[in-house]
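The next block holds one structure in the form of structure tokens; read it before the comments.
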Amino acid sequence: MIKGTFPIEQFQRVQTPFYYYDTDLLRDTLRAINKETERHEGFSVHYAVKANANPKVLNVICQAGLGADCVSGGEIEAALKAGFPSNKIVYAGVGKSDWEINLGIDKDIFCFNVESISELEVIDELAGKRGKVANVCFRINPNVGAHTHANITTGLAENKFGIAMNDMEDVIHESAKMKNVRFIGLHFHIGSQILDMGDFEALCNRINNLQDQLERHRIKVENINVGGGLGISYGHPNHLPIPDFKAYFDTYAKKLRLRHGQKLHFELGRAVVAQCGSLITKVLYVKTGAFKQFAIVDAGMTDLIRPALYNAYHRIENISSDEPEEAYDVVGPICESSDVFGKAIDLNKCHRGDLIALRSAGAYGEIMASQYNCRKLPIGYIKEEL
Ligand SMILES: *Cc1c(COP(=O)(O)O)cnc(C)c1O
Numbered sequence: 000m001i002k003g004t005f006p007i008e009q010f011q012r013v014q015t016p017f018y019y020y021d022t023d024l025l026r027d028t029l030r031a032i033n034k035e036t037e038r039h040e041g042f043s044v045h046y047a048v049k050a051n052a053n054p055k056v057l058n059v060i061c062q063a064g065l066g067a068d069c070v071s072g073g074e075i076e077a078a079l080k081a082g083f084p085s086n087k088i089v090y091a092g093v094g095k096s097d098w099e100i101n102l103g104i105d106k107d108i109f110c111f112n113v114e115s116i117s118e119l120e121v122i123d124e125l126a127g128k129r130g131k132v133a134n135v136c137f138r139i140n141p142n143v144g145a146h147t148h149a150n151i152t153t154g155l156a157e158n159k160f161g162i163a164m165n166d167m168e169d170v171i172h173e174s175a176k177m178k179n180v181r182f183i184g185l186h187f188h189i190g191s192q193i194l195d196m197g198d199f200e201a202l203c204n205r206i207n208n209l210q211d212q213l214e215r216h217r218i219k220v221e222n223i224n225v226g227g228g229l230g231i232s233y234g235h236p237n238h239l240p241i242p243d244f245k246a247y248f249d250t251y252a253k254k255l256r257l258r259h260g261q262k263l264h265f266e267l268g269r270a271v272v273a274q275c276g277s278l279i280t281k282v283l284y285v286k287t288g289a290f291k292q293f294a295i296v297d298a299g300m301t302d303l304i305r306p307a308l309y310n311a312y313h314r315i316e317n318i319s320s321d322e323p324e325e326a327y328d329v330v331g332p333i334c335e336s337s338d339v340f341g342k343a344i345d346l347n348k349c350h351r352g353d354l355i356a357l358r359s360a361g362a363y364g365e366i367m368a369s370q371y372n373c374r375k376l377p378i379g380y381i382k383e384e385l
């Protein structure tokens, strides 16, 4: 099997399990994003911090000039610490608490993506107390489905996210009466791990209609934020390490009718960081059962929860062995039956001590780790450090 290239000797000097980030690939990915967005007037990308907030990873992304998309006060703090300028920070979330809103106001972030009228009232009140005016975009639920896992589609009317399309104009009118908020645009996000450009096209069509409607009522919109959601190839991290950003941005360039001077914002998370990260773990035991054999590794669902949480597939490679392949169930040490990384996986013959790479784990991996079973959180290393 074709495998990724890893600095095995360096790996042997550090405690497993750990996350490894190939910063060369991350930089190549960021260059590919910048190359495509520079071809289009008014496009800008905010990195969705929730995918991976490792400070070293954030720093590389910040240096490439991207903005930050945050979904909590903690993420705003992490983004500022990594060096993202506050005027490039956007803040979304259905349940923003007062301290988080105050933080955004105090730091003069670019904009709050507001998800309800009650939230708008609170932002107006808190900004008023500080004698400030907060920029707001309204997150509209476009009722557009995405052909992805049910738990990661967010743009349907039945999901908890956003303001219903029918209420859009009322909210905009309400905000015009408020002194301490300024309406600057519309925000959307339909889901994650989307590979069918038709889904983004459906979003474009919806936005075109909404814009026509607003234009008839002479409502001006300066910014359109279409969220993120571009997927990656979990099946072929070695062949397709960089997502098809050209197809993605071209879809919006072709299908979305931007008005004169309008800015288009994107919030990519997974597509930026997923492929550069691997979870590196060690085989503790090879156990032969009646019908199958298990490779028991020292990483568990506490380190990478995606397989247990939504049956996610991660490619698994034995990077220490070149012996003929055999089938293994790759399992962790956690006291949960769902602590399984893959069943009947073909791996080069495993021995105690072999290093195993779980690929495409840079997004929603390290950041979702927990300390269940009193385990230590996995450390994340970038290439330069090892
Ligand atoms: C999660 C999220 C994103 C990023 O999604 P990806 O699938 O990782 O690109 C962007 N915007 C919002 C509002 C989100 O909640």
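Numbering (numbering that gives the first Met the number 0), first residue to last: 0 to 385. We put the beta carbon where it would ideally sit given N, CA and C, even for glycine. Note that the coordinates shown come from a computational prediction; the quantities given were computed from them, not determined experimentally.
Burial of Leu-229 is indicated by the presence of at least 16 other C-beta atoms within 10 angstroms of its C-beta.
Not one heavy atom of ligand 1 is found less than 7 Å from the C-beta of Lys-254. With a cutoff of 7 Å, Gly-227 counts as near ligand 1, since its C-beta is closer than that to a heavy atom of the ligand.
For the beta strand (DSSP E) assignment, the uninterrupted runs of no fewer than 3 residues enclosed by the stretch 23–66 are, from N- to C-terminal side, 42–47. In this structure, the alpha-carbon of Ile-100 lies about 51 Å from that of Ser-320.
Straight-line spacing of the CA atoms in Ala-63 and Glu-114 works out to 29 Å. In this structure, Glu-316 sits away from Arg-351, with a CB-CB distance that is not shorter than 8 Å.
Taking a C-beta distance under 8 Å as the contact criterion, Met-367 and Asp-338 do not qualify as a contact pair. Leu-185 is positioned such that its CB atom lies closer than 8 Å to that of Val-220. Membership of Val-121 in the alpha helix (DSSP H) is indicated by the continuous run 116–128. At least one heavy atom of ligand 1 is found less than 7 Å from the C-beta of Lys-49. Distance from the Cα of Gly-268 is smallest, within the candidate group Asp-23, Asp-249, Phe-244, for Phe-244.
Leu-125 and Glu-8 have their C-alpha atoms roughly 54 Å apart. Under the three-state reduction of DSSP, Thr-4 is assigned to coil, being neither helix nor strand. DSSP lists Leu-354 as the beta-bridge partner residues of Lys-281. Within the DSSP bridge table, the entry for Thr-287 names Gln-292 as partners. In this structure, Tyr-327 sits near Cys-349, with a CB-CB distance shorter than 8 Å. Counting every other CB atom within 10 Å of its CB across the protein chains shown gives His-238 a total below 16, marking it as exposed. DSSP places Tyr-363 outside both helix and strand once states are collapsed to three, so it counts as coil. Cα atoms of Gly-144 and Arg-205: separation of roughly 12 Å, rounded to the nearest angstrom. DSSP lists His-186 as the beta-bridge partner residues of Arg-138.
When the beta-carbon positions are compared, Asn-112 and Arg-138 come within less than 8 Å of each other. The beta carbons of Tyr-46 and Val-271 sit closer together than 8 Å.
Counting along the chain, no alpha helix (DSSP H) covers Lys-342; the unbroken beta strand (DSSP E) around it starts and ends at 339–347. With a contact defined as Cβ atoms closer than 8 Å, Leu-209 and Pro-16 miss out at about 46 Å. Listed in chain order, the beta strand (DSSP E) runs fully inside the stretch 190–243 are 222–224, counting runs of at least 3 residues. By the C-beta density criterion, Gly-92 is buried, having at least 16 other C-beta atoms within 10 angstroms. Under the DSSP assignment, His-172 falls in the alpha helix (DSSP H) whose first and last residues are 167–176. Taking C-beta separations shorter than 8 Å and ignoring five residues to either side along the sequence, the partners of Glu-324 in its chain run Met-0, Asp-345, Leu-346, Asn-347, Lys-348, following chain order. By the neighbour-count criterion, in which 16 or more other beta carbons inside 10 Å mark a residue as buried, Asp-107 falls on the exposed side.
In this structure, Glu-266 has its beta carbon less than 7 Å from a heavy atom of ligand 1. Under a 10 Å Cβ-count criterion, Val-13 is classified as exposed, with fewer than 16 other Cβ atoms of the shown protein chains found around its own Cβ. Taking Ala-246 as reference, the option from Ile-318, Phe-83, Ile-32, Leu-102 with the minimal CA-CA separation is Ile-32.
For Tyr-309, there is no enclosing beta strand (DSSP E); the enclosing alpha helix (DSSP H) has its first and last residue at 305–309. With a contact defined as Cβ atoms closer than 8 Å, Ile-183 and Val-135 qualify at about 7 Å. Taking the C-beta atoms as reference points, Ile-241 is found no nearer than 8 Å to Thr-36.
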